[in-house]
Every structure is written in structure tokens, then in C-alpha cells.
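Asker:
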Amino acid sequence: MALDKGMVVQELGWDSDVDEDLRNDIMDAVDDDLVEEALEAVDAVLLWWREEDGDVADGLVDSLTDLSKAGVIWLMTPKVGRPGHIPASDVAEGTATAGLVLGAPVDLSAQWQAQKVVRPKGARR
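Using our numbering, you'd call the opening residue of the sequence shown number 876 and step up by one each time.
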């Protein structure tokens, strides 16, 4: 995850099953707390999403509300075989439905993987 000191990171979908060590590492990287309610545009959204949370597209669209135009969403989903795992095809479909671009999964902890989600680049002339 590319997070730098001074970035504002909004956290959505927090629950008791999230990886607290990973959260602390992110707060150390940005040298600040994660925000729940943004007062201004944020640089990144940390979105914890599980199968029971519903449609991935809905969560991603909601994540865009406070995200800056150049911001990224880090979609955190449980790994294969873990409670709440979302099939890769559902994640890909939800991302496409939301009009976003999905990166490859990255293992970040024993339970969670992350995927970078961004707005598509503008059409070239």
C-alpha cells in the first residue's frame, strides 16, 4: 500500500474482525488517525468489505463520496477460505459496475488482502 505521511485516510466498514495491527501500520505511515467522517476530500479510503456487507459496487460508490479526484480506494476483503470471503469474480464485477479500475490483490495479513481501486484515466486525444 502506497501511503505517505500527511495523507488523509478515511476508514469505512470497520468491525471487530479487522486487522488492528494493519490499521496501526497505516496510521503510522500517514502519521495520523484514520477518519470516519471526512470534513474535506480524502487522499485514500480504506474500505473493509465482506460478503455479508452486500454488493461490492454499492460499497465502492459510497467510498467515492469524500475521495479526492486523484484518490485511491484500498478494498480490503477476507482471503479465500476466511469468513466473509468474496469471490474474485464478484469483486471484479462490482468494480466494473461502479465504473472503477481494479488492481491485483496483495496479501497484507493472515486474514485480509487489499486491492487498489481507482477512477479510470480520462480518454486520450
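Beta carbons are placed, not taken as given, at the ideal position from N, Cα and C, and that holds for glycine.
Kindly indicate the opening and closing residues of the beta strand (DSSP E) around V917.
Answerer: Unbroken beta strand (DSSP E) run through V917: V917 to W923.
Asker: Please check the pair K880 and V905, which I expect to be a contact at CB under 8 Å, by giving their CB distance rounded to whole angstroms.
Answerer: With a Cβ gap of about 6 Å, K880 and V905 count as contacting.
Asker: Suppose the cutoff is 7 Å on Cβ atoms and the five residues either side in sequence are ignored; what does the same chain contact list for K991 look like?
Answerer: Cβ neighbours of K991 beyond the five flanking positions: V947, W949 and G978.
Asker: Under the three-state reduction of DSSP, which class applies to S891: helix, strand or coil?
Answerer: Of the three classes helix, strand and coil, the one that applies to S891 here is coil, per DSSP.
Asker: Are M951 and L921 closer than 8 Å when you measure CB to CB?
Answerer: For M951 and L921, yes; Cβs fall inside 8 Å.
Asker: Mind checking which residues open and close the beta strand (DSSP E) that includes S984?
Answerer: Element bounds for S984: n/a, residue is neither H nor E.
Asker: Out of curiosity, what's the CA-to-CA distance linking V976 and A967?
Answerer: Straight-line Cα distance between these residues: approximately 9 Å.
Asker: If distances are taken between C-alpha atoms only, which option among A985, M882, D941 and A963 comes closest to E895?
Answerer: For E895, the nearest C-alpha among the options comes from A985.
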